[in-house]
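Start counting the sequence shown at 5; every next residue gets the next number (the working numbering).
Here is the structure we will look at, set down as structure tokens.
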Amino acid sequence: MADAQATPLPSILLIGCGKMGGAMLEGWLAEGLAPSVVVDRHRDTLPAPHRLVRDVADLPADFRPALIVLAMKPQKVAAAIAAVAPLATHAPVLSVLAGRTVGGLTDALRAHMPPGAHPVVIRSMPNTPAAVGEGMTVSYAPPCASAAQRALCDRVLSAVGQTAWITHEDDINVVTAISGSGPAYVFLLAELLEQAGIEGGLPRALARQIARQTVSGAGVLMQRSGIDADELRRNVTSPGGTTQQALSVLMAPDAWPATLHAAVRAATERARELAS
Numbered sequence: 005m006a007d008a009q010a011t012p013l014p015s016i017l018l019i020g021c022g023k024m025g026g027a028m029l030e031g032w033l034a035e036g037l038a039p040s041v042v043v044d045r046h047r048d049t050l051p052a053p054h055r056l057v058r059d060v061a062d063l064p065a066d067f068r069p070a071l072i073v074l075a076m077k078p079q080k081v082a083a084a085i086a087a088v089a090p091l092a093t094h095a096p097v098l099s100v101l102a103g104r105t106v107g108g109l110t111d112a113l114r115a116h117m118p119p120g121a122h123p124v125v126i127r128s129m130p131n132t133p134a135a136v137g138e139g140m141t142v143s144y145a146p147p148c149a150s151a152a153q154r155a156l157c158d159r160v161l162s163a164v165g166q167t168a169w170i171t172h173e174d175d176i177n178v179v180t181a182i183s184g185s186g187p188a189y190v191f192l193l194a195e196l197l198e199q200a201g202i203e204g205g206l207p208r209a210l211a212r213q214i215a216r217q218t219v220s221g222a223g224v225l226m227q228r229s230g231i232d233a234d235e236l237r238r239n240v241t242s243p244g245g246t247t248q249q250a251l252s253v254l255m256a257p258d259a260w261p262a263t264l265h266a267a268v269r270a271a272t273e274r275a276r277e278l279a280s
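Right, dumping it as structure tokens:
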């Protein structure tokens with residue numbers, strides 16, 4: 005989790021509080037958040053002094069956020085853009101929408117703004133571990149974004165985990181396939197280990213416990229040790245032992261090396277398709 009900050013996070017307008025938006029919101033609330041507004045039809049409550057509204061048409065007239073975060077479903081984008089365009093004249097827009105480019109969102113905002121307006125859109129790809137302060141968010145800022153606007157987004161995103169920046173927007177597609185979708189790959193590993201334990205005769209509860217703790221513990225070890233993943237793998241693998249026998253199956257040319265790379269390529273291509 006990110007280190008606690010001396011001052012609260014700035015006020016945020018969060019539009020969409022589903023899996024990704026909700027994960028970020030939980031992290032922000034835990035970190036300390038200035039009075040903010042969340043737009044979501046399904047969330048029931050929001051702790052004071054924050055305000056919850058059901059529709060972008062109901063945004064409080066007196067609210068002036070420091071940052072606008074777009075995290076709604078794709079079909080809701082047009083209505084959200086029209087509603088936040090007046091606010092985007094003074095606040096940058098941080099988009100976590102898959103498949104929506106900076107240029108496309110900027111043009112959509114300008115269509116609802118006075119001539120000559122210059123909205124700033126920064127594009128990010130967070131992941132769901134942000135809910136527990138362990139997210140990984142990679143962002144792209146266009147040349148028109150100021151250092152202060154970029155720092156503001158980094159401040160907000162670093163409150164829920166680690167951050168990194170790319171200089172070419174198209175790279176966000178590979179990021180999406182690795183860190184955006186990556187938690188699902190890890191959860192699948194835990195799921196399969198649990199199933200293997202059950203098939204091997206272990207009680208279901210024990211198989212679940214050791215699968216989950218093995219996956220999460222290995223992740224913590226890798227993060228805290230700073231040792232390369234391949235070296236950590238070799239450290240566990242005794243010559244002629246059980247781990248080496250298992251890895252001979254998993255690392256066969258047609259096994260994990262091929263299938264995982266193919267999976268990442270498939271996710272990357274889908275991300276590009278969504279953006280086209």
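The beta carbon of each residue, even a glycine, is placed where N, CA and C say it ideally should be.
None of the values given here were measured: they were computed from a predicted structure.
Pairing S252 with P187, the inter-Cα distance amounts to about 25 Å. P96 is a Cβ neighbour of A149, given a cutoff of 8 Å. In this structure M129 is in contact with S183, their Cβ atoms being roughly 7 Å apart against a cut-off of 8 Å. P64 is a Cβ neighbour of R55, given a cutoff of 8 Å. Assigned with DSSP and collapsed to three states, G205 falls in coil, not helix or strand. Beta-bridge analysis with DSSP links T167 to T141. When the beta-carbon positions are compared, V164 and M28 come within less than 8 Å of each other. For W260, the closest of Q213, Y189, I231 by C-alpha to C-alpha distance is Y189. For Y144, the closest of I176, N131, G137, G120 by C-alpha to C-alpha distance is I176.
Take P53, set aside five residues on each side of it, and the residues of its chain with a beta-carbon closer than 7 Å to its own are P39, in chain order. DSSP places V124 outside any alpha helix (DSSP H), giving it a letter other than H or E. Taking 8 Å as the cut-off, the beta carbon of L17 is found closer than this to the beta carbon of I72. Residue G223 holds the alpha-carbon nearest to the alpha-carbon of G139 among H122, G223, S280. DSSP places R55 in the uninterrupted beta strand (DSSP E) bounded by 55 to 57. For L71, the enclosing beta strand (DSSP E) covers residues 71 to 74. For D158, the CB contacts under 6 Å within the same chain, skipping 5 residues up- and downstream, are T167 in chain order. For L254, the enclosing alpha helix (DSSP H) stretches over residues 246 to 254. In this model, L236 and A82 are separated by some 47 Å (Cα to Cα). Straight across, the Cα-Cα distance linking P123 with A70 is about 13 Å.
For E203, same chain residues with a beta-carbon under 7 Å away, outside a window of 5 residues either side, do not exist.
When rounded, the separation of the alpha-carbon atoms in T218 and A135 is 21 Å.
Where I85 is concerned, the enclosing alpha helix (DSSP H) starts and stops at 81 to 88. Residues A233, L236 of the same chain have their beta carbon placed closer than 7 Å to that of M226, with the five preceding and five following residues left out of the count. With respect to T110, V125 sits close: the two C-beta atoms are nearer than 8 Å. By the neighbour-count criterion, in which a residue is buried when 16 or more other Cβ atoms sit within 10 angstroms of its Cβ, N131 is buried.
Looking at R114, A61, Q153, E30, the one whose alpha-carbon comes closest to that of L98 is Q153.
Taking V42 as the centre and dropping the five residues before and after it, the same chain places the C-beta of L18, C21, L29, L50, H54, L56 closer than 7 Å to its C-beta, in chain order. The C-beta separation of A121 from T180 comes to about 29 Å, leaving the pair out of contact by the 8 Å criterion.
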